[in-house]
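The structure under discussion appears below in the form of structure tokens.
Residue numbers (the numbering used here): 17 to 343.
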């Protein structure tokens with residue numbers, strides 16, 4: 017860099033409290049000045065001559081940034097950032113927090129599956145009405161995961177985290193990815209996205225972990241849902257818009273699927289008029305699956321590693337996003 021020092025703006029970051037890492041960062045990077053803003057308005061005022069920003073941004077911040085060279089996303093998915101006009105065509109580098117939410121997304125996906133297979137959802141309903149009489153029905157409809165097939169759509173950090181956990185439950189694992197590579201030993205098949213039909217037809221549990229891109233938009237609709245087993249469960253974890261929500265509601269109403277669960281929707285929040293709310297075999301959570309007490313720590317670790325590279329002129333950053341590709 018041409019300047020003797022850099023400026024880093026730690027912008028709005030919700031409950032992550034990334035600003036708490038400034039003392040350690042300042043010790044490690046004495047030639048870097050760290051600024052903090054807790055609101056979009058404040059960030060737009062401070063970002064003018066900043067080199068690097070970590071946190072949420074908006075159109076006003078991007079337009080005010082005259083020297084910005086790199087944005088560190090605090091989310092694994094970056095479609096929020098990429099939808100800000102001007103960012104994709106700019107020279108600003110964008111890195112994601114991919115990998116920071118792998119464990120919690122995987123745990124949430126397994127929890128959603130258990131809610132149905134172990135009767136937990138029904139038990140909560142019975143507890144709320146102080147009913148014991150459902151116990152025979154609940155027990156009689158329980159399922160064990162042993163020997164069943166987990167199909168993972170999107171085999172990045174989150175998909176791999178889920179695969180490791182599914183393997184621990186003695187499940188058979190198949191996966192598809194737009195750029196499949198290095199299949200772990202515990203995964204039976206890792207296919208290209210062109211073999212999505214094979215995954216849908218053979219899986220007992222299909223979990224969506226793929227990023228939202230032009231290629232994955234509305235990737236699963238009426239025809240694809242019809243390919244799934246009538247005893248199968250669909251779990252949507254990564255982004256809304258990949259699965260056609262109206263088609264899913266109709267499929268569940270017909271009883272074609274055993275169950276479905278989703279943490280993400282398009283648009284959000286999910287409309288109160290959506291048919292999905294009323295379905296007994298549908299579990300809805302309000303985009304909370306990425307929550308973890310370690311979130312800020314994980315993001316700081318990625319930012320710390322990337323900042324080390326950036327200050328020495330190495331722009332091959334971890335989780336560098338191909339902005340036109342979308343991930």
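The beta carbon of each residue, even a glycine, is placed where N, CA and C say it ideally should be.
As the structure is a prediction and not an experimental result, all values here were calculated from the model.
I need the DSSP call for residue i, collapsed to helix, strand or coil.
i: residue 97; result: helix
i: residue 221; result: strand
i: residue 30; result: coil
i: residue 108; result: coil
i: residue 92; result: coil
i: residue 18; result: Because residue 18 sits at a pLDDT of 43, beneath the cut-off of 50, its placement in the model cannot be relied upon, and the following sentence gives the value as read from the coordinates. Looking at residue 18 - three-state DSSP - the assignment turns out to be coil, as it is neither helix nor strand.
i: residue 304; result: coil
i: residue 129; result: helix
i: residue 174; result: helix
i: residue 23; result: strand
i: residue 277; result: strand
i: residue 121; result: helix
i: residue 333; result: coil
Report the rounded CA-to-CA distance for residue i versus residue j, giving the unit in angstroms.
i: residue 331; j: residue 114; result: 17 angstroms
i: residue 291; j: residue 301; result: 15 angstroms
i: residue 326; j: residue 278; result: 37 angstroms
i: residue 229; j: residue 60; result: 28 angstroms
i: residue 336; j: residue 319; result: 12 angstroms
i: residue 4; j: residue 65; result: The question about residue 4 has no answer here: the residues shown for the chain are numbered 17 through 343.
i: residue 134; j: residue 155; result: 8 angstroms
i: residue 272; j: residue 221; result: 14 angstroms
i: residue 18; j: residue 328; result: Here residue 18 scores only 43 on pLDDT, less than 50, and its place in the model is too uncertain to base an answer on.
i: residue 160; j: residue 193; result: 27 angstroms
i: residue 305; j: residue 67; result: 32 angstroms
i: residue 26; j: residue 250; result: 38 angstroms
i: residue 174; j: residue 256; result: 16 angstroms
i: residue 35; j: residue 147; result: 48 angstroms
i: residue 314; j: residue 42; result: 18 angstroms
i: residue 252; j: residue 122; result: 11 angstroms
i: residue 185; j: residue 263; result: 30 angstroms
i: residue 102; j: residue 287; result: 30 angstroms
i: residue 87; j: residue 69; result: 5 angstroms
Assuming residue i contacts residue j under a Cβ cut-off of 8 angstroms, what Cβ separation, rounded to an integer in Å, is found between them?
i: residue 260; j: residue 236; result: 7 angstroms
i: residue 227; j: residue 342; result: 6 angstroms
i: residue 225; j: residue 172; result: 7 angstroms
i: residue 111; j: residue 89; result: 6 angstroms
i: residue 333; j: residue 322; result: 5 angstroms
Would you kindly report the start and end of the unbroken alpha helix (DSSP H) that includes residue i?
i: residue 77; result: 75-80
i: residue 153; result: 151-156
i: residue 407; result: Nothing can be reported for residue 407, as the shown portion of the chain is limited to 17 through 343.
i: residue 44; result: 38-44
i: residue 319; result: 311-327
i: residue 236; result: Run containing residue 236: none; DSSP gives neither H nor E here.
i: residue 59; result: 56-62
i: residue 51; result: It is not in any alpha helix (DSSP H) - residue 51 instead sits in the beta strand (DSSP E) that spans 48-52.
i: residue 142; result: 136-144
i: residue 268; result: 261-269
State the start and end residues of the unbroken beta strand (DSSP E) segment that holds residue i.
i: residue 206; result: 205-208
i: residue 193; result: 188-193
i: residue 296; result: Per DSSP, residue 296 belongs to no beta strand (DSSP E) and is neither H nor E.
i: residue 252; result: 249-252
Within 10 angstroms of its Cβ, does residue i collect 16 or more other Cβ (buried), or is it exposed?
i: residue 143; result: exposed
i: residue 232; result: buried
i: residue 23; result: buried
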